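J.: A single structure is presented below for examination.
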Amino acid sequence: MGTQKRRIEDLALLGAPPAFESQVHVGRPNIGDREKLLERVNGALDRGWLTNSGPLLNELQSKLADYLGVKHCVCTCNGTVALEIAIRALGLSGEVIVPSFTFVATPHALQWQQITPVFCDIDPETHNVDPSKVESLITPRTSGIVGVHVWGRPCAVDALTKISERHDLRLIFDASHAFGCTHEGQRIGGFGDAETFSFHATKFFNTLEGGAIATNNDELARKIRLMKNFGFTYYDQVDHIGTNGKMNEVSAAMGLTGLDSLDVFIEANRRAYHHYREALQGIPGIRLIDYDEREAQNFQYLVLEVDEAKTGIHRDELMSALHAENVLARRYFYPGCHRMEPYKSYFPNANLLLPRTEELSKQVLVLPTGGSLGEERIRVIAGLIRLIVEGSAELRERNIDMSKLRLTKYGETEVKSIPGEHR
1089 MGTQKRRIED LALLGAPPAF ESQVHVGRPN IGDREKLLER VNGALDRGWL
1139 TNSGPLLNEL QSKLADYLGV KHCVCTCNGT VALEIAIRAL GLSGEVIVPS
1189 FTFVATPHAL QWQQITPVFC DIDPETHNVD PSKVESLITP RTSGIVGVHV
1239 WGRPCAVDAL TKISERHDLR LIFDASHAFG CTHEGQRIGG FGDAETFSFH
1289 ATKFFNTLEG GAIATNNDEL ARKIRLMKNF GFTYYDQVDH IGTNGKMNEV
1339 SAAMGLTGLD SLDVFIEANR RAYHHYREAL QGIPGIRLID YDEREAQNFQ
1389 YLVLEVDEAK TGIHRDELMS ALHAENVLAR RYFYPGCHRM EPYKSYFPNA
1439 NLLLPRTEEL SKQVLVLPTG GSLGEERIRV IAGLIRLIVE GSAELRERNI
1489 DMSKLRLTKY GETEVKSIPG EHR
């Protein structure tokens, strides 16, 4: 379950055994009722209908549309393809304004289609794109805005909607973090021209691998349905450009099974969030982001801001010390998309326009959470953070070279080997 540590000497970075025998990850998959899942999968196998708009997929799309309160929900093979298809279906071109503080799939979906992502700074309180910065980035080449509901906390939906209407721009929301959340009582999914979701295995609601596009625009939905299946309208008739973005029946079975347990998953996340909030209180320089519980939340991400001036330890040093304890906390969205390729080559001075993004990307640390974690493990993890922060001065006195802890095995290995953010 994990060993509670109370002395500096007990830390793994000083040679003691780690607090956890096995690694504790961010983003462990939720499975739901395994027997019901296998029953659905066996039904698909018995029917011999594994893809191409099978009955499970059609049922999932209908249930998702009802849940989100939208006219149309089109499932796709993953969240990145969902975003790419939405961008293409809306006819975006030229430049599109997007935050840099997001998973790299968001700008990649634009750049992949030779659309220039123009990075906008964020509001440091919400971690979402700052609408007051958006209008200054609009040029004659701007065709749209992509807002991201980071951590499931809604963007400034109303402000971005007004800006898009004022300048006749398309508006998409990347809602990969926000399934099950609401804005002013309305489910995220029905805002803008379209909203896209990721149902990757690491999301609290998953379809193994998958995504979806939600919209209330009939014509846009018609295009999207064509585009996700090569543009076919009939058996041998193609009337639109398209790709292979279909979700298969096994993924749909997983989605239907997850929907059955959705409230259970959310409640487990909510309990974990409150356990963390209680256990982390009073640690200098550690701020747990808040969720507005007047709105529906999925509590999927447990996010800290680490203020080095108050903790006496850099976020990366804290992360590495936790990794030594087999707690694989993760930095998000480091170092910011503008510092990743190809963007850092295209826009070498973008950091000058993104001071808040630069600062936040050096502070955010995401901790393990979810239904399988449990209160005891949470208290062990929070206790480790407290011990490391409050003992940071003593660690330095013991000649622990904290700067070396910023280079971790995690930073040197491929992301694919570690569960986490995917779309």
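The numbering used here puts the first residue of the sequence shown at 1089, with every later residue one more than the last. Every residue gets a Cβ at the ideal spot worked out from N, C-alpha and C, and that includes glycine. Quick caveat: nothing in here was measured; it's all calculated off a predicted structure.
(1) Taking C-alpha atoms, which residue in H1411, L1453 and Q1385 lies nearest to E1396?
(2) Exposed or buried, which one is P1443 when buried takes at least 16 other CB atoms within 10 Å?
(3) Please go through the same chain and pick out, in chain order, the residues whose beta-carbon is closer than 7 Å to the beta-carbon of N1332, but skip the five residues on each side of it.
(4) Between A1153 and the rest of its own chain, which residues show a CB-CB distance below 8 Å, the 5 nearest in sequence each way excluded?
(5) Which term fits P1219, buried or exposed, when burial requires 16 or more other beta carbons within 10 angstroms of its beta carbon?
(6) Examine the Cβ distances between the segment 1266 to 1278 and the segment 1366 to 1385 and report whether three or more of them are shorter than 8 Å.
(7) Keeping to the same chain, check which residues put their C-beta closer than 6 Å to that of N1439; ignore five residues upstream and five downstream.
(8) Between R1258, P1212, E1213 and P1195, which lies nearest to P1205 when the distance is taken from Cα to Cα?
(9) In the structure shown, what three-state DSSP assignment does E1383 receive?
(10) Can you find at least 3 beta carbon pairs, one from the segment 1160 to 1180 and one from the segment 1280 to 1300, that sit closer than 8 Å?
(11) Only counting the same chain, and skipping five residues up and downstream in sequence, which positions put a Cβ closer than 7 Å to that of N1386?
(12) Along the beta strand (DSSP E) that carries H1589, what are the first and last residues, could you check?
(13) Would you kindly work out how many angstroms separate the C-alpha atoms of V1503 and G1459, rounded to a whole number?
(14) In this structure, how does DSSP classify N1439 when only helix, strand and coil are distinguished?
(15) Give a single yes or no on whether I1173 has its beta carbon closer than 7 Å to a heavy atom of the ligand PLP.
(16) Between which two residues does the beta strand (DSSP E) containing L1392 stretch?
(17) In angstroms with no decimal places, state the Cα-to-Cα distance between H1362 and A1263.
(18) To the nearest angstrom, how far is the alpha carbon of R1467 from that of A1367?
(19) Alpha carbon to alpha carbon, how far is E1127 from H1426? Give it in angstroms, no decimals.
(20) Considering only DSSP beta bridges, list what T1445 is partnered with.
(21) Given this structure, state the Cα-to-Cα distance separating R1094 from S1188, to the nearest angstrom.
(22) Mapping DSSP to helix, strand and coil, what is C1208?
(23) Using a Cβ-Cβ cutoff of less than 6 Å, which residues in the same chain neighbour G1090 once the five nearest sequence positions on both sides are dropped?
(24) For P1242, does the count of other Cβ atoms within 10 angstroms reach 16, so buried, or fall short, so exposed?
(25) Is the distance from the Cβ of S1231 to the Cβ of L1257 below 8 Å?
(26) Return the first residue and the last residue of the alpha helix (DSSP H) that V1286 is part of.
(27) Apart from the five residues on each side of it in sequence, which residues of its chain come closer than 7 Å, Cβ to Cβ, to S1110?
(28) Which residue wins for smallest C-alpha separation from A1247, given the options H1265, G1280, R1229 and P1117?
(29) Starting from D1262, trace the beta strand (DSSP E) both ways and give me its first and last residue.
(30) For G1103, is the classification buried or exposed, using 16 other Cβ atoms within 10 angstroms of its Cβ as the cut-off for buried?
(31) Following the continuous beta strand (DSSP E) through P1187, name the residue where it begins and the one where it ends.
(32) Could you tell me if A1481 is buried or exposed, where buried requires 16 or more neighbouring beta carbons within 10 angstroms of its beta carbon?
(33) Could you give the DSSP three-state label for F1161: helix, strand or coil?
(34) In chain order, which alpha helix (DSSP H) runs of at least 4 residues are fully inside the segment 1264 to 1339?
(35) Tell whether a beta-carbon distance below 8 Å holds between G1157 and G1343.
(36) Do you know offhand how far N1305's Cα is from N1336's?
T.: Once the coordinates are examined:
(1) Considering only H1411, L1453 and Q1385, the residue with the shortest C-alpha distance to E1396 is L1453.
(2) Classification for P1443: exposed.
(3) Within the same chain, N1332 has close Cβ partners F1318.
(4) Hits under 8 Å: K1159, H1160, C1161 and A1302.
(5) P1219 is buried by the Cβ-count criterion.
(6) With the cut-off at 8 Å, the segment 1266 to 1278 and the segment 1366 to 1385 touch.
(7) Closer than 6 Å at the Cβ level, and outside the excluded window around N1439, lie E1446.
(8) It is P1195 whose Cα lies nearest to the Cα of P1205.
(9) In this structure, E1383 counts as coil in the three-state DSSP scheme.
(10) Touching, yes, given that three or more Cβ pairs across the two stretches are closer than 8 Å.
(11) The residues are G1240, F1267, G1268, C1269, F1292, I1354 and N1357.
(12) Residue coverage of the chain in this structure runs from 1089 to 1511, which leaves residue 1589 outside it and unanswerable.
(13) A caution first: V1503 carries a pLDDT of 34, below 50, which makes its placement in the model too unreliable to give a value.
(14) Of the three classes helix, strand and coil, the one that applies to N1439 here is helix, per DSSP.
(15) By its list of ligands, the structure shown contains no ligand whatsoever, and the ligand PLP lies outside what it can speak to.
(16) Counting along the chain, the beta strand (DSSP E) containing L1392 begins and ends at L1390 to V1394.
(17) So the two alpha carbons sit approximately 24 Å from each other.
(18) Between R1467 and A1367, the C-alpha separation is close to 6 Å.
(19) Distance between the alpha carbons of H1426 and E1127 is about 45 Å.
(20) According to DSSP, which records beta bridges pairwise, T1445 is partnered with nothing at all.
(21) Between the alpha carbons of R1094 and S1188 lies a gap of roughly 39 Å.
(22) Note: C1208 maps to strand in three-state DSSP.
(23) The beta carbon of G1090 sits closer than 6 Å to those of A1107, F1108, R1465 and V1468, all from its chain and outside the five residues before and after it, given in chain order.
(24) Per the 10 Å Cβ criterion, buried.
(25) It is a contact, given that the beta carbons lie within the stated cut-off.
(26) It is Ser, not Val, that sits at residue 1286 in the sequence shown. Per DSSP, S1286 belongs to no alpha helix (DSSP H); it is in the beta strand (DSSP E), A1282 to S1286.
(27) So the qualifying residues of the chain are N1414.
(28) Minimum Cα-Cα distance from A1247 among the listed residues H1265, G1280, R1229 and P1117 corresponds to G1280.
(29) From DSSP, the beta strand (DSSP E) with D1262 extends over R1258 to D1262.
(30) Around the beta carbon of G1103, fewer than 16 other beta carbons lie within 10 angstroms, which makes this residue exposed.
(31) The continuous beta strand (DSSP E) containing P1187 extends over residues E1183 to P1187.
(32) Exposed, because fewer than 16 other Cβ atoms sit within 10 Å of the Cβ of A1481.
(33) Correcting the residue type first, residue 1161 is Cys in the shown sequence and not Phe. Shown here, C1161 sits in a strand according to DSSP, grouped into three states.
(34) Taking 4 residues as the minimum length, the alpha helix (DSSP H) runs contained wholly in the segment 1264 to 1339 are 1306 to 1315, in order along the chain.
(35) Not in contact: G1157 and G1343 (Cβ atoms no closer than 8 Å).
(36) The alpha-carbon atoms of N1305 and N1336 are separated by roughly 24 Å.
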